[in-house]
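To keep things clear, I will list the structure first and then write my remarks on it.
Residue numbers (the numbering used here): 10 to 139.
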């Protein structure tokens with residue numbers, strides 16, 4: 010019984026399962042400070058949190074203008090989502106699955122008391138369910 014377990018572990022290591030923790034990828038979502046703007050920026054698959062946040066801000070600031078955006082959420086090796094209401098409120102979420110990230114974003118948005126919230130964008134970084 011010990012030999013089959015060793016073979017299984019060796020197989021997992023050879024296919025890359027043993028290196029997943031070392032393969033960190035970051036993503037971020039930024040949004041304009043003015044809710045009427047609705048400008049957003051996204052970044053995914055970056056090697057650092059800083060890189061992901063900077064890219065998301067740059068994407069948002071293309072529409073909203075420099076200095077008018079802020080990062081709402083970042084994650085490492087996870088899924089991210091942003092939900093918005095019709096009056097401009099926003100909620101974000103991150104989790105190990107896309108469904109959970111979207112649920113967290115909706116709950117946070119609806120918790121602001123601004124009515125129904127819909128997912129504006131969601132995505133997953135490597136190794137996570139879609």
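C-beta atoms are modelled at their ideal positions from N, C-alpha and C, and glycine is treated no differently.
Source: prediction; values computed, not measured.
Item, Value
"Rounded distance between the beta-carbons of residue 37 and residue 62, thought under 8 Å", "5 Å"
"Where the beta strand (DSSP E) containing residue 101 begins and where it ends", "99–104"
"Check whether residue 107 and residue 54 have beta carbons under 8 Å apart", "no"
"For residue 76, the three-state DSSP class (helix, strand or coil)", "coil"
"Proximity of residue 100 and residue 117 at Cβ, strictly below 8 Å", "yes"
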